[in-house]
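Trainee: Okay, handing you the structure first.
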Amino acid sequence: MRWLSFMVLGLSVTSCDGEGRHPAGLASSAPPVAAKPGGRVDVSIVETGFVPDQIQVERGKPVTLVFTRKVEQTCVDKVVFPAEGIEKDLPMGKPVEVALAPAADTSFRCPMGHAVGRVTVR
Ligand SMILES: [Cu+2]
């Protein structure tokens, strides 16, 4: 029965439903996506969290992140920018814009703080 418990565990980490388990608790090791000043970056919400989850911007320059939720089964039904006090609902399939001009590194996350993305300034 060892294989069965393994499968159950595997399923349980695909969403954060209050258990506090989330596959994207740490930002991925994918290379950051560079945003042009005044530009837009599309961020998809998929089963593993935010893609991309590392975005590089020029310090103090405006950038618009466009979040689109592409999966029903996710706790990422809102995106939260704690440092900026921004919280936006992410209806399924509807692009939601968040405008920023960060002066320092910042981050965004699901309401429970499991799926995380980072915005780094250069
Ligand atoms: Cu979460």
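Okay, so the sequence shown: first residue is -5 according to my numbering, each after it adds one.
Think of the CB as a built atom: it goes at the ideal place given N, C-alpha and C, for glycine as much as any other residue.
Model, not experiment: these values are computed from the prediction.
#1: Tell me which same chain residues have a C-beta within less than 7 Å of the C-beta of ALA28, skipping the five on either side of it?
#2: Check each candidate in VAL92, ALA97 and LYS72 and name the one with the smallest Cα separation from PRO85.
#3: Should ASP117 be labelled buried (16 or more other beta-carbon atoms within 10 Å of its own) or exposed?
#4: Given GLY54, which residues of its chain have a CB within under 7 Å of its CB, disregarding the five upstream and five downstream residues?
#5: May I ask whether a heavy atom of ligand 1 can be found less than 7 Å away from the beta carbon of VAL70?
#6: Looking at ligand 1, does it come within less than 7 Å of MET86, judged from the CB to the closest heavy atom?
#7: Give the secondary structure of ALA77 by DSSP, where H, G and I count as helix, E and B as strand, and everything else as coil.
#8: Can you tell me whether VAL65 is helix, strand or coil according to DSSP?
#9: Name the residue from ARG34, LYS30, PHE102 and THR42 whose alpha carbon lies nearest to the alpha carbon of GLU91.
#10: Cβ of ALA109 versus every heavy atom of ligand 1: is any distance shorter than 7 Å?
Mentor: Result, derived from the coordinates:
#1: Along the sequence shown, read from residue 1 onward, the residue named residue 28 stands at position 34. Around ALA28, the same chain offers GLN50 as residues with beta carbons nearer than 7 Å, after the five sequence neighbours per side are excluded.
#2: Within the sequence shown, residue 85 is the residue found at index 91, counting from 1. Nearest option by C-alpha distance: LYS72.
#3: The structure shown does not extend to residue 117, since the chain spans only -5 to 116, so no value can be given for it.
#4: If you number the sequence shown from 1, residue 54 lands on position 60. Here GLY54 has ALA95 and ALA97 as same chain residues with Cβ atoms under 7 Å from its own Cβ, once five neighbours each way along the sequence are excluded.
#5: Numbered from its first residue, the sequence shown carries residue 70 at position 76. Correct: VAL70 has its Cβ closer than 7 Å to ligand 1.
#6: Residue 86 sits at position 92 when you count from the first residue of the sequence shown. It does not: the Cβ of MET86 is nowhere closer than 7 Å to a heavy atom of ligand 1.
#7: Taking the sequence shown and counting its residues from 1, the one referred to as residue 77 is at position 83. Helix.
#8: Here residue 65 corresponds to residue number 71 of the sequence shown, with the count starting at 1. In the three-state reduction of the DSSP assignment, VAL65 falls in the coil class, being assigned neither a helical nor a strand state.
#9: Here residue 91 is taken as the residue at index 97 of the sequence shown, counted from 1. The closest CA to that of GLU91, considering only ARG34, LYS30, PHE102 and THR42, is found on ARG34.
#10: Counted from its first residue, the sequence shown places residue 109 at position 115. Placement of the Cβ of ALA109 at a distance of less than 7 Å from at least one heavy atom of ligand 1 is found.
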